[in-house]
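Structure, as structure tokens:
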Amino acid sequence: MVYEAVIFDLDGVLCHTDKYHYMAWKEIAGELGISFDRKINDRMRGVSRMESLEILLENFKGNLSWQQKECYAQKKNRIYRCLLKNISEKDLEPEVKQTLDAIKASGIKTAIGSSSRNTKFILEQLGLSGFFDAVADGTDITRSKPDPEVFIKAAEFLGVEPKSCLVVEDAVAGLTAAAAAGMDCAAMGNLKDSAKADHYLDRFSDLLHIL
Ligand code: BG6
Ligand code: MG
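Sequential numbering from 595 applies to the sequence shown in my numbering.
Structure follows, in structure tokens:
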């Protein structure tokens, strides 16, 4: 398969924000008296902030109004944004940057397809603002992964047919979204051991063997 574009998920693929999501949700869980662990945090990969809150609330005994949920989601984001200030260019692994540079130099288009509404801030922190040909994120969509909307948007922004795009993902929700968008998917992280993908990346630079 000849791919004209690669669409990268952000959290868990280009950078490791999971620990900050975990710390922020842990604080909200503590406030609500809910138990929270890495396993629950893993289920939040790829899905929106509000859907993540709903996952957290599965262990909550009471009932929250829509406004209260909105407040908790906003509070989680304030905590998360503070933690994101710790991220810098040093957190972009050299192998990741070298691979991105090589893909770009080969003429293949690159995009971000992320559910996160903090995508642009994270890209700035990583020194990647303006690097990608297109960025589709949580601010561009009405339905988050596993819905294909964010990947379809990214392909549209790039002007490339979905079938000519390769998605790089670390989450089941993202893999499902890529398939629903009619795109091939390269799985990395835990996803590579747990799901059926078109390609498997042991290392990020393995992408160069696929393209
Ligand atoms: C995804 C993460 O990239 O973004 C999810 O994998 C997260 O865990 C989602 O819930 C939304 O993030 P944000 O930054 O908009 O709260
Ligand atoms: Mg991810």
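Where a beta carbon is used, it is the ideal one built from N, C-alpha and C, also for glycine.
All figures in this text were calculated on a predicted structure; none of them were measured in a lab.
In the DSSP assignment, the alpha helix (DSSP H) including residue i goes from what residue to what residue?
i	result
Lys613	612-626
Ile702	Element bounds for Ile702: n/a, residue is neither H nor E.
Phe715	713-719
Leu677	660-678
Leu650	643-650
Asp636	632-637
So, at 6 Å on beta carbons, what are the nonlocal neighbours of residue i in its own chain, with the 5 sequence-adjacent residues on each side left out?
i	result
Ser646	Met638
Asp734	Lys747
Asp778	Leu760, Asp792
Glu743	Ile735, Arg737
Considering only heavy atoms of the ligand BG6, does any lie closer than 8 Å to the CB of residue i?
i	result
Val761	no
Gly783	no
His793	no
Thr704	no
His615	yes
Tyr666	no
Glu621	no
Arg639	yes
Glu645	yes
Tyr597	no
Asn712	yes
Thr693	no
Ser642	yes
Ser788	no
Thr770	no
Asn671	yes
Ser709	yes
Gly656	no
Gly732	yes
May I ask whether a heavy atom of the ligand FMN can be found less than 8 Å away from the beta carbon of residue i?
i	result
Arg737	Looking at this structure, you won't find the ligand FMN anywhere; what it does contain is the ligand BG6 and the ligand MG.
How would you write the range of the beta strand (DSSP E) that residue i sits in, first residue to last?
i	result
Cys779	778-781
Ile601	599-602
Val729	728-730
Can you list, in chain order, the residues of its chain whose CB lies under 7 Å from that of residue i, leaving out five sequence neighbours each side?
i	result
Met595	Asp778
Ala667	Arg643, Met644, Leu647
Gln719	Leu678, Ile681, Ser682
Leu630	Per the sequence shown, the amino acid found at residue 630 is Phe instead of Leu. Trp619, Lys620, Ala623, Leu650, listed in sequence order.
Can you list, in chain order, the residues of its chain whose CB lies under 8 Å from that of residue i, leaving out five sequence neighbours each side?
i	result
Thr770	Lys739, Pro740
Ser700	Leu805
Residues proximal to the ligand MG by C-beta, any heavy atom closer than 5 Å: Asp603, Asp605, Gly606, Asp764, Ala765
What ranges does the alpha helix (DSSP H) occupy inside the region 750-805, keeping only unbroken runs of at least 4 residues that lie completely in it? 766-774, 785-788, 801-804
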